[in-house]
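First up is the structure itself, then whatever we jot down about it.
Written out as C-alpha cells, the structure is:
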C-alpha cells in the first residue's frame, strides 16, 4: 500500500499465487506503462499507474512533484510490475532502484534473491555503479553465515549467473555487517554511498 492510494491489490486466500501481490482490488484501475506512457502487454514489465476515487490529488506545496506523479487522475506508483493472463500483478522493484546495464533493466531484488540461494550468504544488497562503458554495473554486497567458509567473488558471480543470466553482478563485496534502514530492510542508500566512495572494494 501507499499513503497516496491506499491498498490497490488484494489476494483472497483461496486464489493466492505465490510471489504475486494479487489482482487489483475492487474500485481500483491499474495500468502498466513503459517509459513513453504506453501500456505494455501481458508478461512485460511496466510502471504501475493507479486510478481510484480516493487517490491523492496533490502533494502539499510541491507542484513539481505533483506534476510528475499525477496525470489525468492516474498516479504513478514508481513500482515496476508485470501482469499475468489472470490479471495478477508481480512486483519487480522500484523504478528508482532499477539498474540499467547495457540498455537492460535489472531489478536489484531479483539479483539479491539469486545470491540468497547460496549456502553461505546470509544477506544481500544490490546497487548500480556508474560505468562509462555499460551505463551502470551491478554491484552486490553480501554478508555470510557465521562460520561459513568465504566463497570467492567469482564463485558467487557464477552462482548468480546460472540462475539469472546476464543480470548477475559484475562485482560481489563481502561485508562484516549489512547496513539496514529503520524498518530493518537493506539500506540501499547507504550501499550506494559506499559504492560511490569505493568502500569495500578491496574485499571479496
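In the numbering used here, the protein residues as written are 496 to 699.
Positions of the beta carbon are idealized from the N, C-alpha and C atoms, including for glycine.
Using a 10 angstroms sphere on the CB of residue 588, the tally of other CB atoms reaches 16 or more, which defines it as buried. Secondary structure of residue 546 (DSSP, three-state): strand. In chain order, 518 place their CB closer than 6 Å to the CB of residue 582, counting only its own chain and leaving out the 5 sequence neighbours on each side. Setting aside the 5 residues that flank it on each side, residue 541 is surrounded in the same chain by 527, 528, 529 and 535, each with a C-beta closer than 6 Å to its C-beta; the list follows chain order.
Beta-bridge partners assigned by DSSP to residue 638: 618.
Where residue 594 is concerned, the enclosing beta strand (DSSP E) starts and stops at 594-596.
In this structure, DSSP gives residue 677 a state outside helix and strand, which the three-state scheme calls coil.
With at least 16 other beta carbons inside 10 angstroms of its own, residue 576 counts as buried. Judged by DSSP in its simplified three-state form, residue 647 adopts coil rather than helix or strand. Residue pairing by DSSP places residue 570 opposite 545 and 565 in a beta bridge. The C-alpha of residue 686 is placed about 10 Å away from the C-alpha of residue 624. A Cβ-Cβ distance of about 30 Å is found for the pair residue 658 and residue 692, leaving them out of contact under the 8 Å criterion.
In this chain, the beta strand (DSSP E) harbouring residue 524 covers 524-528. Residue 580 and residue 539 have their alpha carbons spaced roughly 11 Å apart. In this structure, residue 677 keeps its C-beta atom at 8 Å or more from the C-beta atom of residue 634. Residue 566 and residue 629 have their C-alpha atoms roughly 32 Å apart. Residue 665 and residue 632 have their C-alpha atoms spaced approximately 6 Å apart. Where residue 666 is concerned, there is no enclosing alpha helix (DSSP H), although the beta strand (DSSP E) around it starts and stops at 666-669.
A Cβ-Cβ separation of about 12 Å leaves residue 622 out of contact with residue 667 under the 8 Å criterion.
Taking residue 652 as the centre and dropping the five residues before and after it, the same chain places the C-beta of 663, 664 and 667 closer than 7 Å to its C-beta, in chain order. Around the CB of residue 515, 16 or more other CB atoms lie within 10 Å, so the residue is classed as buried.
Here residue 619 is buried, its C-beta having at least 16 other C-beta atoms within 10 Å.
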